[in-house]
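Protein chains: 2
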Amino acid sequence: MTGEALKGHLDLLLLAILADGPAHGYAVIESLRQRSSGQFDLPEGTVYPALHRLESQGLLGSHWSEDSARRKRIYRLTPKGQQVLASRQAEWKKFSKAINATVRI
Amino acid sequence: MTGEALKGHLDLLLLAILADGPAHGYAVIESLRQRSSGQFDLPEGTVYPALHRLESQGLLGSHWSEDSARRKRIYRLTPKGQQVLASRQAEWKKFSKAINATVRI
DNA sequence: CTTGACGCCTAGCGTTGCTAGGTATATGAT
DNA sequence: ATCATATACCTAGCAACGCTAGGCGTCAAG
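Just so you know, the sequences run in chain order A and B.
Residue numbering for the first sequence is 44 to 148, as defined by the working numbering.
Residue numbering for the second sequence is 44 to 148, as defined by the working numbering.
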């Protein structure tokens, strides 16, 4: 359903989800689905590598939760991640405005 | 400036430009730049292959203009291209709404 | 005891925008 | 005359990224 449209915008989505508080990968996928009313129903093979990428870039931190029998890797936004989120939001606004202006919607 | 954000949305832009009438590749690039106020300043290596792809998909037709000394390949929207443009526009609206809902803008 | 939800992972694929290079004509400045 | 710039086209190959498809393991319900 999404085609290739998501490319380059997934980071914004993940950072925005985690700006509401720490969460593990599977929960992120559910939040994505709920907030978008089912539009973003992303496979794990999309989300997990993206989270790893964001962590390797220093935008996310993670730790393994111990209180549950099922292992969960909890991600949280770093200060750098918050800054990048803000700039990604601004970029998205400019981008979508530019698309609308070009397509004349 | 665009990063990878454009991926999957270029077709929409090109179809929308050509919906205003036939044009050659170089003119399409200029229209893109003007309509987006400079945001979409795309290299030829991006636009020309994309036009070829759209033509091979039957969304565009083309012919070589003879009246000018400089050769120009004039592209025009096919009926199929108009249909696809309409659905791409609808997809873009849904997509941008879903992003805004997820990011909470 | 098997199905399904939960929860994680990664190798490799396909698409796509872009870089970098090439060709050629017209125009304006030096 | 010559050189730079704008116009106008092209393509091989690169890099990024979302996704498929597979795997591993826990837990609850039927």
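The C-beta atom is built at its ideal place from N, Cα and C for all residues, glycine as well.
Quantities reported herein were computed from a predicted structural model and do not represent experimental measurements.
Given a length threshold of 3 residues, each whole run of the beta strand (DSSP E) inside the segment 64-112 of chain A is given here in chain order: 103-108.
Between A141 of chain B and S139 of chain A, the C-beta gap is not smaller than 8 Å, which leaves the two residues out of contact.
Among the CB atoms of chain A, none fall inside 8 Å of the CB of T89 of chain B.
With fewer than 16 other CB atoms across the displayed protein chains lying within 10 angstroms of its CB, I148 of chain B is exposed.
Taking the Cα of D54 of chain A as reference, the smallest distance to any Cα among A:I117, A:E98 and A:N143 is reached at A:E98. Per the Cβ contact rule, the segment 46-63 of chain A is in contact with the segment 127-136 of chain A (3 or more Cβ pairs under 8 Å). For W107 of chain B, no CB of chain A lies under 8 Å from its own CB, so it is not counted at the interface with that chain. Taking 8 Å as the CB threshold, L120 of chain B stays off the interface with chain A.
Contact between T121 of chain B and L103 of chain B holds: their C-beta atoms lie close to 6 Å from each other, under 8 Å.
Across the segment 63-97 of chain B, CB contacts with chain A closer than 8 Å involve L75, R78, S79, S80, Q82 and F83, in sequence order along the chain. Neighbours of A59 of chain A in chain B, taken as residues at a C-beta separation under 8 Å, are given in chain order as T145, V146 and R147. As a beta-bridge residue in DSSP terms, I117 of chain A pairs with A:H67 and A:H106. For K137 of chain A, the chain B residues whose C-beta falls within less than 8 Å of its own C-beta are Q82, listed in chain order. For a cut-off of 8 Å, the C-beta gap from L85 of chain B to G68 of chain B is around 11 Å, too long to register as a contact.
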